Amino acid sequence: MMDNKLFKHFCDKVVTLDKSIRFIGIADGHGRLLATAEKKGLIPLLNMQETEQYAITAATRQYTRVRWQELLGKIFYTCSHYDKLLRVTIPITDEHNHLRYVIIFTFDVDTENFHEITMKKIIPLIRRNRKKLLESPN
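Residues 13 to 150 in the numbering used here are what the sequence shown lists, from first letter to last.
This is the structure:
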């Protein structure tokens, strides 16, 4: 059984890193959502079932991207710019380059510095917690 408290605590921490972060979720390598958090007062654009379906799709896409890391280098994140939000996905792989988790988060659509927030706030937090995340069975 996975450690839901660890994943929930991580999500709660990420959502407080910047006021432009709307939502965060962690899914396992198969796209099964393990925990989520959202900005206080947020009116979600997707319901929980749609969010779960999106997580499965995101994990599938990340799985296909991870296999190219040997040739292209490590994926830091991918981003989709929608009319209503920016969605960023970060793969977490184990030492054998197998996809273990997918972190999905969204920004307000008018966030101009999402790259800086991702690279200087979110990815460092992931790196500090990577070992704990990878040690957690799912």
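In this text, a Cβ means the ideal position worked out from N, Cα and C, and glycines have one as well.
Here the structure is a predicted model, which is why all the values come from computation and not from measurement.
Asked: Please work out which residues of its chain come closer than 6 Å, Cβ to Cβ, to Phe19, disregarding the five sequence neighbours upstream and downstream, and give them in chain order.; Found: Ile38, Leu46, Ala47
Asked: What are the boundary residues of the beta strand (DSSP E) that His93 is part of?; Found: 90–93
Asked: Is Tyr89 near Val100, with beta carbons less than 7 Å apart?; Found: yes
Asked: What residue range is occupied by the uninterrupted alpha helix (DSSP H) comprising Pro136?; Found: 135–147
Asked: Enumerate, from N- to C-terminal direction, the unbroken beta strand (DSSP E) stretches of 3 or more residues contained entirely within the region 26–91.; Found: 33–40, 45–50
Asked: Tell me which same chain residues have a C-beta within less than 6 Å of the C-beta of Ala49, skipping the five on either side of it?; Found: Cys23, Asp24, Val27, Ile36
Asked: What does DSSP give as the partner residues of Leu98 in its beta bridges?; Found: His93, Phe119
Asked: Tell me whether the beta-carbon of Lys104 lies closer than 7 Å to the beta-carbon of Asp30.; Found: Looking at the sequence itself, residue 104 is Ile, so the reference to Lys does not match. It is not a contact, given that the beta carbons lie outside the stated cut-off.
Asked: Going by C-alpha to C-alpha distance, which of Glu64, Glu82, Pro136, Ser92 sits closest to Asp120?; Found: Ser92
Asked: Contact between the region 49–58 and the region 102–116 is defined here as three or more beta-carbon pairs at a separation below 8 Å; is this criterion met?; Found: no
Asked: Of the residues Leu58, Tyr66, Pro56, which one's Cα is nearest the Cα of Gly159?; Found: Since the displayed the chain opens at 13 and closes at 150, residue 159 lies outside it and no answer follows.
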